[in-house]
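Numbering (our numbering), first residue to last: 1 to 79.
Glycine included, C-beta positions come from ideal geometry on N, C-alpha and C.
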């Protein structure tokens, strides 16, 4: 199953747009950017995304990218 990674456009100020583009280029996953993920306030406090519907947050966009990559690898190992 192809992982679905969802990003909030309002969260791009943390650099999540860079993580989004890197994921699109290097991994076999569905990467989607929405205007809002209805995380009400999360987009203003830290970088975050949804991985198969699960909220994932980190202190930096680079750390978020690494967490997402680890999750993708776990999902691929299950399949």
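Cβ-Cβ separation, residue j to residue i (assumed contact under 8 Å), whole Å
{"i": "residue 19", "j": "residue 50", "result": "With a Cβ gap of about 13 Å, residue 19 and residue 50 do not count as contacting."}
Exposure of residue i, with buried meaning 16 or more beta-carbon neighbours within 10 Å
{"i": "residue 16", "result": "buried"}
{"i": "residue 5", "result": "buried"}
{"i": "residue 32", "result": "exposed"}
{"i": "residue 48", "result": "buried"}
{"i": "residue 21", "result": "exposed"}
{"i": "residue 72", "result": "buried"}
Reduced DSSP secondary structure (H/G/I, E/B, other) of residue i
{"i": "residue 54", "result": "strand"}
{"i": "residue 27", "result": "coil"}
Those residues which DSSP pairs with residue i across a bridge
{"i": "residue 7", "result": "33"}
Chain-order list of residues whose beta-carbon lies under 8 Å from that of residue i (same chain, five-residue window excluded)
{"i": "residue 62", "result": "15 and 19"}
{"i": "residue 39", "result": "8, 48 and 55"}
{"i": "residue 46", "result": "14, 57, 58 and 59"}
Cutoff 6 Å; reference residue i; Cβ partners in own chain excluding five residues on either side
{"i": "residue 27", "result": "72"}
{"i": "residue 42", "result": "48"}
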